[in-house]
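Undergrad: Pasting in a structure now, in structure tokens, and then I'll have a few things to ask.
Number of protein chains: 4
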Amino acid sequence: MARGRRVNSSGERSKQLLLEKAIELFSAHGYHQTKISDIVKAANLTQPTFYLYFHSKESLFNDLNSEFQKSFYDIFNGGLAQLEGNENVRKKMFAMLKDILSYFVQNPNLTKIGFFESAEAEEMKRELADRLVEIMTVHNIQGSMLEHVDTRIFVESLLGSLERLTLTKLLTEKRTPEMLAEDIINIYFAEQEELVR
Amino acid sequence: MARGRRVNSSGERSKQLLLEKAIELFSAHGYHQTKISDIVKAANLTQPTFYLYFHSKESLFNDLNSEFQKSFYDIFNGGLAQLEGNENVRKKMFAMLKDILSYFVQNPNLTKIGFFESAEAEEMKRELADRLVEIMTVHNIQGSMLEHVDTRIFVESLLGSLERLTLTKLLTEKRTPEMLAEDIINIYFAEQEELVR
Amino acid sequence: MARGRRVNSSGERSKQLLLEKAIELFSAHGYHQTKISDIVKAANLTQPTFYLYFHSKESLFNDLNSEFQKSFYDIFNGGLAQLEGNENVRKKMFAMLKDILSYFVQNPNLTKIGFFESAEAEEMKRELADRLVEIMTVHNIQGSMLEHVDTRIFVESLLGSLERLTLTKLLTEKRTPEMLAEDIINIYFAEQEELVR
Amino acid sequence: MARGRRVNSSGERSKQLLLEKAIELFSAHGYHQTKISDIVKAANLTQPTFYLYFHSKESLFNDLNSEFQKSFYDIFNGGLAQLEGNENVRKKMFAMLKDILSYFVQNPNLTKIGFFESAEAEEMKRELADRLVEIMTVHNIQGSMLEHVDTRIFVESLLGSLERLTLTKLLTEKRTPEMLAEDIINIYFAEQEELVR
DNA sequence: TATGAATGAGGTTTCATTCAT
DNA sequence: TATGAATGAAACCTCATTCAT
């Protein structure tokens, strides 16, 4: 390939392309198995071009992770805000789950990176769990039938379900966010006369 | 500097040591971030010694994974065999979970590798889920309260809970296998007059 | 984004700017640590513009070096011409040194490049020394007190003093050309009844 | 070249070889123009071998520089200690210079690196000059004929002479340490009845 | 059995330079 | 005249693996 600018080339487009390919490859094969050479090959560009738009492989990965986390926190915090107050917990939980899962389907590869691949994902989930436990404790939420289960356990279990169902049912498009949110609600907040006591 | 066989050295001992350190490091930092040099350093041996006992880094990892899978399948299949027949499902499930979790606590690092790190883990879990779904369907198991939840979803959710609780509660020794098995049973098989119909 | 010729731009101005910045940066950080990207950034221009005016990084550096050498040779040769004849050597030497040092202070960065940085500087100094030795020998100049010192050594020593004093006292503006010329004369041509014999 | 250990190879020897070649090349072409590939090629080894013995190109260079500086400081401080007290300054100066120059001839390439190439060289020389000025001031040393020259200037001039004569006469083996030390003494400490006042 | 010594292969990153506009 | 966009070439460095002892 000759040196210099290509016909019809655009920086914005190239950067976008690299970003897309990076997300695809990172999510498909993980950080270590994705080489810069893979990314630029997929984008039909060369390695120096990568460094025109990104500082380093690591920083690109971190940026992607941050992007995910930011969006996720926004949605999660929005949902949590609704949860305060103890009526209609079931409905509110459903709404929050649906929002989260909707974001996931709309950004499947970013989700794989930020929710499953990155080192920071685990910390984020721990925080998540902490917040949920707190809210549930303060507002005295938890299905009556689960009265024998510690709230912390309840929450971690739910998180695990969310993780696995996302991976196997949502991102494989076997189920929609709505369906999955309903499933989870059915499992963790079985319908009852009164959810709180 | 001295070379050759060390006094008091035994091949088996060296191999065992390398195995242990490899398990520790792979489980702690993952495959790619664990270098052969790290393993042998931890074992106080040298790199060529590694190749005396293992064909390659990859094959060692695969061996460890296989070891885990074999044990796991044994336990799982044992449990499944009990499950056939539809009385006392709750108890049998509890027993199976307890067995699995017991194996996990006894082999925490191998579990991290074989259940969480390896590429084959996912496939194994898929199989697991398949078998569980099959059994549950054939024997018509599933709590009445979950009648609105598809069996496949139910099973994947349970698997997710198992994963996450193992990681956050069992391997951190915050909960025993018994406790955790009970928790899961309480969540997924809430006590009822009759579990099956 | 806008491309093409800027309003108010003039080729000469851009070239001059690049030249200035290049001199600054080459003199401050040396050839290898000065990147084209640094130069154009400092000049608020872009890399291709650099190649509009200069053939390459190396050729620019060489040009700068040549510019210095040319000026230097002019001054030096002028001074040498005066030196022919053996009266008033002290005064003539002083004048020559002052002229050289004046040029140095007026072109501090170019001096750093052409007198200290460039590979050719050494060759130039060798020539310089040769010429000085020749003149001094032919005209039988050299302080009586230094009768035990070989002329070549005398000259190289003086050159070394010139180098170091330029670097540490002149270019740091701790001393004027006049002062420094006098200092050197005082060291190398201590006042005597008769300078020559 | 086949992989693995070569016949008759020795780590000590390889390291030494690399060190030698590195010193040669760094001193001949400077830091930036000396590639690791050059060094290992000269040593008939491969690049990874370099990293078996040195942490990085930069650290190797720094090590070499430090080695020079340490030796130099030792010699210099030894010389300075002798200088305290004001009799026989001429002799003591001669001795010190001879020691320094002797070290230089014995380590010509290291000298080029540590005294002429490294960034730290300048700082070292500044310190050197400071110490000399201090000693000369305190002990009231300085040739009578140089009474019109500021001590600082005197010292910097001497240092410049030392630099240049080292480069052009000593390292080219045109003059021995003894001869050069004498030359410098003759220039800067012209014989007199009394050196101090 | 074990190690000292070495390397093939390949990774990330940098930089001077060039093309298309 | 000037720039946005791109790349060839090559630098430093790492790691799994292997040979000679």
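Chains as they are written, first to last, in the numbering used here: chain A, 1 to 197; chain B, 1001 to 1197; chain C, 2001 to 2197; chain D, 3001 to 3197.
A virtual CB, placed ideally from N, CA and C, is assigned to each residue, including glycine.
(1) Are the beta-carbon atoms belonging to LYS2092(C) and GLN2082(C) less than 7 Å from one another?
(2) With a floor of 4 residues, list each alpha helix (DSSP H) that falls wholly inside the stretch 32 to 83 of chain A, ordered by position along the chain.
(3) Over the uninterrupted alpha helix (DSSP H) stretch that includes PHE26(A), give me the two end residues.
(4) Anyone know if the C-beta pair for PRO1108(B) and LEU1017(B) falls short of 7 Å?
(5) Verify the CB distance criterion: does ASN2186(C) have a CB-CB separation below 7 Å to chain D?
(6) For ASN3077(D) and GLU3182(D), what's the separation of their Cα atoms in angstroms?
(7) According to DSSP, is ILE2141(C) part of a helix, a strand, or is it coil?
(8) Got a sec, what are the start and stop residues for the alpha helix (DSSP H) SER118(A) sits in?
(9) So for ALA3002(D), helix, strand or coil by DSSP?
(10) For the candidate residues TYR1031(B), THR1137(B) and SER1010(B), whose alpha-carbon lies nearest to that of ASP1150(B)?
(11) For the alpha helix (DSSP H) that PHE2104(C) lies in, which residues bound it at each end?
(12) Looking only at C-alpha atoms, which of GLN2106(C), LEU2159(C) and LEU2052(C) sits nearest to ARG2131(C)?
(13) Which residues in the same chain as ILE100(A) place their Cβ atom closer than 6 Å to its Cβ, once the five residues preceding and following it in sequence are excluded?
(14) Taking the C-alpha atoms as reference points, what is the distance between PHE54(A) and LYS15(A)?
(15) List the residues of chain B whose Cβ lies closer than 8 Å to the Cβ of ILE135(A), in chain order.
(16) Can you look up VAL1196(B) in the DSSP assignment and give me helix, strand or coil?
(17) With distance defined between alpha-carbon atoms, name the residue in PHE2115(C), ARG2175(C), ALA2095(C) and GLU2127(C) nearest to ILE2185(C).
(18) At the level of alpha carbons, what is the spacing between GLU3173(D) and LEU2052(C)?
(19) Let me know the secondary structure DSSP gives TYR3188(D) once reduced to three states.
(20) Which whole-angstrom value is the C-beta distance of SER71(A) and TYR31(A), which I expect to be below 8 Å?
(21) Could you list which residues in chain D have their beta carbon closer than 9 Å to that of LYS2169(C), in chain order?
(22) How is VAL2155(C) classed by DSSP in three states: helix, strand or coil?
(23) Would you please verify whether the beta carbon of GLY2085(C) is less than 7 Å from any beta carbon of chain D?
(24) Work out the CA separation of GLU127(A) and ARG197(A) for me, nearest whole Å.
(25) For LYS1057(B), which residues of its own chain have a beta-carbon under 7 Å away from its beta-carbon, when the five flanking residues on both sides are left out?
(26) Beta-carbon of GLU2067(C) versus every beta-carbon of chain D: anything under 7 Å?
(27) Are VAL3089(D) and PRO3177(D) closer than 7 Å when you measure CB to CB?
(28) Considering Cα atoms alone, identify which of THR1034(B), GLU1163(B), ILE1141(B) and VAL1040(B) is closest to MET1124(B).
(29) How is LYS174(A) classed by DSSP in three states: helix, strand or coil?
(30) For ASP1063(B), would you say it is in contact with chain A, using Cβ-to-Cβ distances shorter than 7 Å as the test?
(31) Determine the DSSP secondary structure at VAL1133(B), reduced to helix, strand or coil.
(32) With DSSP run on the structure shown, which of helix, strand or coil describes GLU2147(C)?
(33) Helix, strand or coil for GLY3085(D) per DSSP?
(34) By the 10 Å Cβ neighbour count, where 16 or more other Cβ atoms means buried, how is VAL7(A) classified, buried or exposed?
(35) Flag ARG2197(C) as yes if its beta-carbon sits less than 7 Å from any beta-carbon of chain D, otherwise no.
TA: The short version:
(1) yes
(2) 36 to 42, 47 to 53 and 57 to 83
(3) 11 to 29
(4) no
(5) yes
(6) 20 Å
(7) strand
(8) No alpha helix (DSSP H) contains SER118(A), which DSSP labels as neither H nor E.
(9) coil
(10) THR1137(B)
(11) 2089 to 2106
(12) LEU2159(C)
(13) ILE75
(14) 9 Å
(15) Per Cβ cutoff of 8 Å: no residues; ILE135(A) is ~18 Å from chain B at best.
(16) Since pLDDT at VAL1196(B) reaches only 40, below the 50 mark, its modelled position is unreliable, and no value is offered.
(17) ALA2095(C)
(18) 47 Å
(19) helix
(20) Not quite, the Cβ-Cβ distance comes to about 20 Å (not below 8 Å), so this is no contact.
(21) ARG3152, ILE3153 and GLU3156
(22) helix
(23) no
(24) Legend: pLDDT at ARG197(A) = 33, less than 50; position of this residue unreliable, value from coordinates given subsequently. The alpha-carbon atoms of ARG197(A) and GLU127(A) are separated by roughly 26 Å.
(25) ILE1036
(26) no
(27) no
(28) GLU1163(B)
(29) coil
(30) no
(31) helix
(32) coil
(33) coil
(34) exposed
(35) With a pLDDT of only 34 at ARG2197(C), under the threshold of 50, the placement of this residue in the model should not be trusted, and no figure is reported.
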